[in-house]
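Colleague: Protein chains in written order, with the numbering used here: chain A, 2 to 503; chain B, 94 to 782; chain C, 5 to 305.
Here it is, the structure, as structure tokens.
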Amino acid sequence: MSDVHSTSQHQQHAVRRRRDPRLEGIARNRRHPEHLAVLAALGQGGEGQASWMGPNGRMRRDPHLVGVMGPNGRRRIDRSGALVGAAGPQQGRTATQRDQRRDVVVADPAGVIAVVPDLASGRLSEHDRDVFGLARRLADERADERADERADERADDRADIDGSSLAVTALLLLPSPSATLESALHDALAEAGADRVIVLPVAPGYSPEDRLAACLAADRALSPRHWLFPDATLEGGDLGRRLAVRLGERPACGLWRVEPDDASDSGWSCLCRSGSGRQDLARPLPRVVVAAAQCAEPVTATRHEAREWPLSRTSCDHPEAPLPMQDLGAVAVDPAAIALAEAPFILAGGNGVGDWDGFHHAARVLGASEGASRVAVDEGHMPRERQVGATGTFVSARVYLAVGISGAIQHLQGIQRCEKVIAINSDGGCDMVKRADLSVIGDGDAILAELASLVEPSLVEQRDSRQQLGVGPEASSPTDPTESPDMSSLLSDRIKESRHVA
Amino acid sequence: MSATLFYGSLTGLVLAALLLALVGAARRFLLWRRGRPSPVAWLGGLAAMPRRYLVDLHHVVARDKAFAHTHVATAGGFVAAAGLLLLVTLAPLPAGGEMVLTGLMLVMSLVMLGGARRVARRRRRPPSRLSRGPWQRLPRSLTVFAASVAGLSLIMLMVTWLPAAWLTGVLGGTLALVLLAGLALGLGEMFLGMTWGGPMKHAFAGALHLAWHRRAERFSTRQSDRDGVSPRSTGLKPLDLDDPDAPLGVETSEDFTWNQRLGFDACVQCGRCEAVCPAFAAGQPLNPKKLIQDMVLGMTGGSDAGFHGSPYPGKPLGEHRGQPGGPMVVTSGGALVDADTLWSCTTCRACVEECPMMIEHVDAIVDMRRHLTLEHGATPGKGAAVLDNLIATDNPGGFAPDSRMHWAADLNLPLMRELGQVDVLLWLGDGAFDMRNQRTLRALVKILRASQVDFAVLGDEERDSGDVARRLGDEATFQRLARDNVATLSRYGFQTIVTCDPHSFHVLGNEYAAFGGHYCVRHHSTFLDELLQQGRLKIAPRPRSRVTYHDPCYLGRYNGEFDAPRRVLAALGIELTEMARSGFRSRCCGGGGGAPVTDIPGERRIPDMRMADVAEVEADVVAVGCPQCTAMLEGVVDRQAEVRDIAELVAEALVLEESVSEASSTATGARRRPRQTGHPGRLVEEASQ
Amino acid sequence: MSLEPRAPAAVEPASICLDVLLSLGRHGLTQRPRRADLDARALEMALTFQHKGKPGNTTLSCWHAGPAEQDTEIALRAYLGMGLPSIRWMHMAPAGDALAPLHEALRAPVDADARLVLCGMHAEQGEGSGLLPIALAERLGWRWVPGVVAIEAIEPISSGVAQAVVLQALPRGQRRRIAVRLPAILGVEAAAPAPRQSAFGPARRGQLLQLDSGAEPPTDPAGATWPFMPATPRPKRLKIVTSANARERFKAAAAKAESGSGRVLEQVSATEGATAILDFLDAEGVVSRAAVTNARQGNGR
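If you want it as structure tokens, here you go:
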């Protein structure tokens, strides 16, 4: 890694030198006893330099010095940069990278494409960005064609496609007391591809009927060409379907691909995944779209205006009181008790766990659901329904942290669908370590205790700071927390609080 | 007491006891007959009964030599003495004949007395498997009866010579009275107790059970002796699913067939089943002896507080009671048997094998399981998921049926579909989906190829044999799988089915007959033994460290194959170190009967105990012949011994001779399509080098 | 699952009418007919509720609208095996729209204080978009609650009006409690309790009451024109690299998706190991980023 540092230094000092054929000869002869010393003197590598400025001003490389030692003791040259490129300086470079996105302004849109993001925990999720990406495609691609047809020759840096473009309009349904657009969210929407932003207040808590009423109000005011929703069970997916039914449209649900299609009225056709996930349905793109995650690439190359569009709900848009549905609030669920098959983060213990109290403590602190190997269950440390494996539960956690589990075949079968596996084991040669993405060889109890102590104080601080900001779990609306990295700690907080109450 | 009074009271006593016993017998018989009908050979059964008693039953009893002698003395003495007593007292006999018979009666009762004393000695500190309560009283009753009959015969012999006044005298009178009272007591236990529900019930019910057994085919006959076969009947009996009124399994005791009910009454509570039951040893809530006694309570009603043996582990006595016509198992408690008792059974048949009264515990357990699964949908643990998988994918793991051959993608196994007619059909079993068992299957394929066996597999056409479904009580799914498999097999021609899964072996060989499938099935150990004996398999014997062999239940006890695997191992140059429990007494691995699926908690795990057996003989390798056993034994933590299938051991010692390989490639090459260049191709290369 | 207890319902309405809409399911690998998983969970929820309440209080009726085919019968019998006495099976052409017959069936007034319809969130057959219950609720003017995992109580709130208290599944195993005015349609989520085993005996005994919906329901216009095809695997999204730098873009395009074996930390202290794990957890987003930085700072101190 030090090679990379010294290379850049060396480039600055590269100057033409007088040639010395003898030294050059030694420099070419790797078997010469003075080879390395000469190389160093010539500034051509040696002493670990992998590349230097050659006499003709071209970079020279010593292939014997690039790359890193592979696991089997052979030198590997990894052009993907996965190994070498992960080093420090590059991260620094990306951080200071200049923002190269074009600014796009749609001053006079021909129409509106409405996007209702889920705003899980008040932020745009990946899924939301994908849907905005889809909206941009719908707004721009055909518009580009129309613009091309008009043979507009302006080679302007600013994409000025006014009059032919549709405005991607974000419809934000925010809980009524403080329904204002925060600047962070505004920036995020601008980067996600929103030309316009409409903020409508809705009743706090779970109020699908009120949200539907807000959408209907927007529909009357804007009559968008398309309504786009992210297909999440409780939020966009439900709202989109409700809106479609109310508007008498047949929505495209589970949409995952859109293609231009002149035969269809909307100019687009789409592919929708059926409910069972086994079939695709090809159909013209309807007005209401409930789109799956990764339905389109999120916007990366442009930045949009996200200009706030004043629209208010009249009182008649509010449904008659009392609300037919009443949100009684979130129910505290102990993560340790979440059904294993559902759990996103599992801490599993096996034969190598000696301190089970410490194990439970760590699970609590990390906000992980507890799992166990068959042996741990047989020994009576954990109940049977917590057993992971072919003979227990098949789990599909995002992260599976296995402590003291050597990895019997049955167990490995049970964690096949886990995305990432971390192993803590005293035996570096066991099958679990082979399967794991990260393994720490050592005493499981000690590492768990350390892990718990690392996370624990910070959780407390975090909660304190959040309460000061007034965004404690009580204040946050119980919206979809899917993509929130804060969730686990937030959960632990809730549990702690509920325990305090109890 | 005058002689007339003496004789009169003696006759009266015997006659009364006999009559009362007959009344009791009739009542008991009618009680049994409340069960479902089951056709039996009434007279033929009675005629066969002595042979079944003296040969088959004694074969089991004689495993405990000392007690066998005791039982012969006691039971033989009793039968003879009681018969003579009836003759002497009730039949009109000439005086001389009567003297001879009385003398004989004296001898017999003394023999019985000797036996009774040995019974009493055993009862002084009885092992925990024996029931106490009335059973502790039995040796005393036997002694009293034998002594009274002996004394009375002595008196009857002596009256002829002694002056008549002797009997009327105080001493003689008292003695006669005491003896008569003793006889009354003895008759009460021996005659009345036999048919009214005392410990001696086992003799009466046991005798009739032998005569009218539900599996008459399990007893030896002269013919079977001549053929040198030991008959077995281990396949479960099918349910009639076409009749919508036929009960699906057993809900109340009356749903058992009448001779099953008779069998329950035959139980002598010797506890041999309890001593060998793996679930009981593991502290799971099952005790086969208690289960049979609970079945009796199901017939007669009453609380199980009257049971004097070991309870189900973890379930105190007195909390359950039976009621004629009432449910045997209620999922929400309060009935006779808890469901987890039934689901603890591994169907290893150790209890049936040990039972001197030939009671069929496993049949009763599966009958009740059938009711739970088919009527209540109450298969515990992962049972429901396994059954759903079997219904939807034909394998218990829920794998895609067309991925059954993925393990053999590189082996180019010949498919039945393409060949149509072969010598050997290799039945893979569901082990084809299990990574561990795939090693065994590969070894077996290597051996078959090396010995030029003309074989093929069904490939994706194979389904689960239905073993697990049937033991879990899902007879409907079993029958569907069986019919489908039989239909598939009927399309092809083959001489033998070879499988390395004893469960498939048992089901294909013994349980498919009811669905029209009659096959010659061989376990791979048997088949390898045959190959070795025919000299078709070249192996280089090499001595190994200490090896022991674990008999799979479904190979050994179910199908009587104990020797072939041992011969194969011997041919490999292995000198077996036998475990204490091996052969027909082999301890189950815990993997049968769906037990790993239902997973009833106990204090220990059955495979752990089995590996402890292995450790006891300090073996480094335990040879097995069953994928279930392999999985269970390999799942033991910190095991000292390696678990190897016989096929793997043979494959290791295999000698691939050049001529053999050449021959095999040409012999099989004719059948092969040209694109196949897997294993045989490699052999050709080796040969040409 | 352990949940915060809720104050028990004051009173239960005298009579509750539960309707369950059942559809044909198919196994994912073999396509064999079976219970649709979500509908089976809905039925399980109804059966559990019926069992929990006062006996005779709750009447349960199950509906299916579909063509008279053998596969349908197999699937419906599987539902019967859960212990149902009967299922009402409204015959319909294969291309028919189930909305009309179901609307017709549910529209008929029943003599009950509370009325609740349960069904799975979406069907396993056809489009399976989950639109039907919403459309049905819209037509009937009833409430629609998606993502339900449990019915906690049904209680009267005023004369003739009852409400149901239900639990809704939020992602990651979290739950939300909701009170909804009845009548309502509940969409049951995959996180609801698993359905009980279907038993052979009740499945054989149960009755399929075949109803002929008088007028042929309108056929689904979309089904004929929009083709169904086997699902094509969706391409895995590549990491989008926005860099203008060619090397960066090349690296992103040429990089292997996942390296074969993971990182192994040997001979590290417990603290180093724990920190590495925490970094990993942070990168995966299962433990808060803030928590990790704080921890690092704490560590630095």
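No residue lacks a Cβ here, since even glycine has one placed at the ideal position from N, Cα and C.
Following the continuous alpha helix (DSSP H) through residue 83 of chain C, name the residue where it begins and the one where it ends.
Modeller: Boundaries of the alpha helix (DSSP H) around residue 83 of chain C: 74-84.
Colleague: Using the Cα positions of residue 374 of chain B and residue 198 of chain C, report the straight-line distance between them to the nearest angstrom.
Modeller: Roughly 34 Å between the two C-alpha positions.
Colleague: Around the C-beta of residue 241 of chain C, are 16 or more other C-beta atoms found within 10 angstroms, so that it is buried, or is it exposed?
Modeller: For residue 241 of chain C, the number of other beta carbons within 10 angstroms of its own is below 16, and it is reported as exposed.
Colleague: Check each candidate in B:737, B:720, B:722 and B:721 and name the one with the smallest Cα separation from residue 712 of chain B.
Modeller: Here the closest residue by C-alpha is B:737.
Colleague: Looking only at C-alpha atoms, which of B:676, B:98 and B:694 sits nearest to residue 683 of chain B?
Modeller: B:694
Colleague: State the DSSP-derived secondary structure class of residue 198 of chain A, mapped to helix, strand or coil.
Modeller: Secondary structure of residue 198 of chain A (DSSP, three-state): strand.
Colleague: Checking contacts by CB at 8 Å: is residue 118 of chain B closer than that to chain C?
Modeller: no
Colleague: Just tell me which of B:731, B:700, B:678 and B:699 has its CA closest to the CA of residue 366 of chain B.
Modeller: B:678
Colleague: With a threshold of 16 other CB atoms inside 10 Å of the CB of residue 116 of chain B, please say whether the residue is buried or exposed.
Modeller: exposed
Colleague: Considering only residues of the same chain and omitting the five flanking positions on each side of residue 328 of chain B, which have a CB-CB separation below 7 Å?
Modeller: 603 and 604
Colleague: Using 8 Å as the limit for Cβ to Cβ distance, is residue 37 of chain A near chain C?
Modeller: no
Colleague: Looking at residue 449 of chain A and residue 423 of chain A, is the spacing between their C-beta atoms short of 8 Å?
Modeller: no
Colleague: With contact counted as at least three CB pairs below 8 Å, one residue from each stretch, are the region 144-151 of chain B and the region 445-460 of chain B in contact?
Modeller: In short, these stretches touch, since the Cβ pair count reaches three.
Colleague: In three-state DSSP terms, what is residue 648 of chain B?
Modeller: Annotated three-state conformation of residue 648 of chain B is coil, per DSSP.
Colleague: Look at the Cβ atom of residue 81 of chain C, then the Cβ atom of residue 289 of chain C, and state whether they are nearer than 8 Å.
Modeller: For residue 81 of chain C and residue 289 of chain C, no; Cβs fall outside 8 Å.
Colleague: Tell me the rounded alpha-carbon separation between residue 759 of chain B and residue 632 of chain B.
Modeller: Any reading at residue 759 of chain B needs caution, since the residue's pLDDT is 42, under 50, leaving its predicted position unreliable; the model's value is listed next. Cα to Cα, residue 759 of chain B sits roughly 21 Å from residue 632 of chain B.
Colleague: To the nearest angstrom, report how far apart residue 409 of chain A and residue 432 of chain A are at their CA atoms.
Modeller: If you take the alpha carbons of residue 409 of chain A and residue 432 of chain A, they lie about 7 Å apart.
Colleague: Tell me whether residue 585 of chain B sits in a helix, a strand or coil according to DSSP, three-state version.
Modeller: coil
Colleague: In the DSSP assignment, what residue or residues form a beta bridge with residue 260 of chain A?
Modeller: A:270
Colleague: Note down, in chain order, every chain A residue with its Cβ under 8 Å from the Cβ of residue 728 of chain B.
Modeller: 375, 409 and 411
Colleague: Within the same chain, show all residues whose beta-carbon is closer than 7 Å to that of residue 209 of chain B, passing over the 5 residues directly before and after it, in chain order.
Modeller: 167, 232, 235, 236 and 239
Colleague: From residue 1 of chain A to residue 40 of chain A, what distance separates their C-alpha atoms?
Modeller: Chain A is shown only over 2 to 503; residue 1 of chain A falls outside these bounds and no answer can be derived.
Colleague: The beta strand (DSSP E) that contains residue 250 of chain B, what's its start and end?
Modeller: Not the beta strand (DSSP E): residue 250 of chain B falls in the alpha helix (DSSP H), residues 227-252.
Colleague: Taking the DSSP output, what are the residues bridged to residue 90 of chain C?
Modeller: C:211
Colleague: Return the CA-CA distance between residue 254 of chain C and residue 585 of chain B, expressed in angstroms with no decimal places.
Modeller: 57 Å
Colleague: Taking the beta carbon of residue 26 of chain C as the centre, do at least 16 other beta carbons fall within 10 Å, making it buried, or is it exposed?
Modeller: buried
Colleague: From this set, B:536, B:596 and B:483, which residue's C-alpha is nearest residue 504 of chain B's C-alpha?
Modeller: Residue nearest to residue 504 of chain B within the set B:536, B:596 and B:483 is B:536 (criterion: CA-CA distance).
Colleague: Going by DSSP in three states, residue 129 of chain A sits in which element: helix, strand or coil?
Modeller: Assigned with DSSP and collapsed to three states, residue 129 of chain A falls in helix.
Colleague: Just to confirm the assignment, what range does the beta strand (DSSP E) spanning residue 365 of chain A have?
Modeller: Element bounds for residue 365 of chain A: not the beta strand (DSSP E) but the alpha helix (DSSP H), 357-367.
Colleague: So who's on the other strand from residue 24 of chain A, going by DSSP bridges?
Modeller: The partner list for residue 24 of chain A (beta bridge, DSSP) is empty, contrary to what the question assumes.
Colleague: Any C-beta of chain A within less than 9 Å: which residues of the region 508-530 of chain B qualify?
Modeller: Contact annotation: in the region 508-530 of chain B, residues whose CB is within less than 9 Å of a CB in chain A are 527, 528 and 529.
Colleague: Do three or more CB pairs link the region 258-270 of chain A to the region 206-225 of chain A at distances below 8 Å?
Modeller: The region 258-270 of chain A is not in contact with the region 206-225 of chain A.
Colleague: Taking 8 Å as the cut-off, does the region 49-67 of chain C touch the region 299-310 of chain A (at least 3 CB pairs, one atom from each stretch)?
Modeller: no
Colleague: Pick from B:175, B:542, B:509 and B:384: whose alpha carbon is nearest that of residue 280 of chain B?
Modeller: B:175
Colleague: Could you check how far apart the C-beta atoms of residue 37 of chain C and residue 47 of chain C are, in whole angstroms? I think they sit under 8 Å.
Modeller: The Cβ separation is near 16 Å, so there is no contact.
Colleague: Can you look up residue 231 of chain A in the DSSP assignment and give me helix, strand or coil?
Modeller: strand
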